[in-house]
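Okay, structure first, notes after.
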Amino acid sequence: IDERWVVIEGSPAFFAVTKKLHTLLHGVRPDGAELSDAERREYERALAPNAEALLEEVRPGDVAILHDPQTAGLAPTLREHGVRVVWRSHIGVDEPNAIVREAWSFLRPFVAGADALIFSRQAYVWEGLERARVAIIPPCIDPFAPKNRDMDGDEIDSILERAALPNAPRMVLQVSRWDRLKDPAGVLRGFADHIAGRVEACLVLAGPAVTSVEDDPEEPKVIEEVTSRWRSLPAPVRDRIVIAQLPMEDVERNALMVNALQRKAEVVVQKSLAEGFGLTVAEAMWKGKPVVASRVGGIEDQIEHGRSGILVDDPADLSEFGDAVVGLLDDPARAQGLGRAAKRRVASLFIPPCHLVAQGRLLAGLAR
């Protein structure tokens, strides 16, 4: 099968619009303003040359799978030229509000005519779409990719040492983009106020180097907020927290650093305020790590509370979050049992065979 990945390009103004759409789809209005006609024009203007470039790569009858709001505007042009279009949304909320529906209204005209629409959960399916075209297919991870392949202890230590990353025992780790919806500042506060004084452990907040992320203009602001909170902590607590910006120039090297950090961690956390599907949750579970995560969105489908991880009912309840982490650090046998169950769950639901079967059926239907 001839398949390839294509990455769209855009101006800072375009990425500001798509970041706003991303946040609106989670039910949060980032700037207090509704989507404007000027933002729609910028969105369409930026995608026009991307559509033209993509048409040089495909021919009538080919299938293009478009991912998330940034690509939705490509769908009409591709369909006009005979390309079968599948649009996939990885994000959503269980209980949409007026803000979410505003984003739907902006994007729906672009994707409503797609040949198929994929959502990660049934609850995320938008109103006003033809249900016969909708498929529910959770994402998956690749166990053999650099981010997930097996590593022995020597390799883990070597990677962390070369990258000047923490290699301490009793590590609590969150890996995520510097996004307010991932709540890195909340993780820092939860560790400082409800974990550091109860157990000997360190916290690592790891994410991409902000200079390497062009499509998220908010990342520098978020990491500055996190760093400012870190500076305000008492020295004994501050010294046990590391904020790590991982270089992205070499994608494989970045993936190996994430892999090594996740394998070194004693507990992995994902205290998201909203989450379509937690890829870092699945990655940590695959590595047999106990995960403490918010009971939001797709994470609820990934973790069975008390069996393959711990779910915190209220992401804003830092005391509950701290209790869950400390409980695992204080009970290694329980933590290891949850980790083993977590790996079995990912192996049964969230690796390529499961995903490919579902997607293969969808594509076979389009070919008929």
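Position in the sequence shown counted from 1, then plus 634, gives you the numbering used here. Cβ coordinates follow ideal geometry from the N, Cα and C atoms, glycine included. Since the structure is predicted, the reported quantities are computational estimates derived from the model, not experimental observations.
Secondary structure of residue i, DSSP reduced to three states
i, result
"His715", "coil"
"Ser792", "helix"
"Trp721", "strand"
"Ser928", "strand"
"Cys836", "strand"
"Gly999", "helix"
"Pro772", "coil"
"Leu1021", "The structure shown does not extend to residue 1021, since the chain is modelled only from 635 through 1002, so no value can be given for it."
"Ala750", "strand"
"Met785", "coil"
"Ala698", "strand"
"Gly994", "helix"
"Leu708", "coil"
"Met919", "helix"
Cβ separation of residue i and residue j, assumed to be a contact under 8 Å, to the nearest whole Å
i, j, result
"Lys836", "Met805", "Before going on, a small fix: residue 836 reads as Cys here, not Lys. Rounded, the Cβ-Cβ distance is 6 Å, consistent with contact."
"Leu688", "Gly707", "Not confirmed; about 12 Å, so no contact."
"Thr914", "Ser754", "Their Cβ separation, rounded to whole angstroms, is 15 Å, which puts Thr914 and Ser754 out of contact at 8 Å."
"Ile793", "Met891", "6 Å"
"Glu673", "Val651", "5 Å"
"Glu925", "Ile937", "Correcting the residue type first, residue 925 is Val in the shown sequence and not Glu. Indeed they touch by this definition, with Cβ atoms about 6 Å apart."
"Leu880", "Gly841", "7 Å"
"Leu799", "Leu895", "6 Å"
"Asp964", "Val759", "Going by Cβ atoms, the distance from Asp964 to Val759 rounds to 41 Å, so no, they are not a contact pair."
"Ile725", "Asp702", "7 Å"
"Leu839", "Ala802", "Actually they do not touch by this definition, with Cβ atoms about 14 Å apart."
"Ala976", "Ser942", "4 Å"
"Lys654", "Asp671", "No, Lys654 and Asp671 are not in contact; Cβ-Cβ is about 14 Å, not under 8 Å."
Neighbour-count burial assignment, residue i, 16 or more Cβ in a 10 Å radius
i, result
"Asn782", "buried"
"Gly994", "exposed"
"Arg979", "buried"
"Arg718", "buried"
"Glu637", "exposed"
"Glu852", "buried"
"Pro818", "buried"
"Thr845", "exposed"
"Gln575", "Shown here, the chain extends from 635 to 1002; a query on residue 575 therefore has no answer."
"Trp812", "buried"
"Ile875", "buried"
"His939", "exposed"
"Gly824", "buried"
Pair within 7 Å by beta-carbon distance, residue i and residue j
i, j, result
"Leu807", "Val902", "yes"
"Ala709", "Val745", "yes"
"Glu909", "Ile933", "yes"
"His660", "Leu815", "yes"
"Gly956", "Ile829", "yes"
"Gly820", "Lys921", "no"
"Leu867", "Ala918", "no"
"Leu907", "Pro949", "yes"
"Val720", "Ala750", "yes"
"Ala766", "Ile752", "no"
"Ala698", "Glu676", "no"
"Arg865", "Leu822", "no"
Contact the segment 731-739 vs the segment 710-718: 3+ CB pairs below 8 Å: Touching, no, given that fewer than three Cβ pairs across the two stretches are closer than 8 Å.
Three CB pairs or more closer than 8 Å across the segment 982-1002 and the segment 759-774: They touch, by the three-pair rule.
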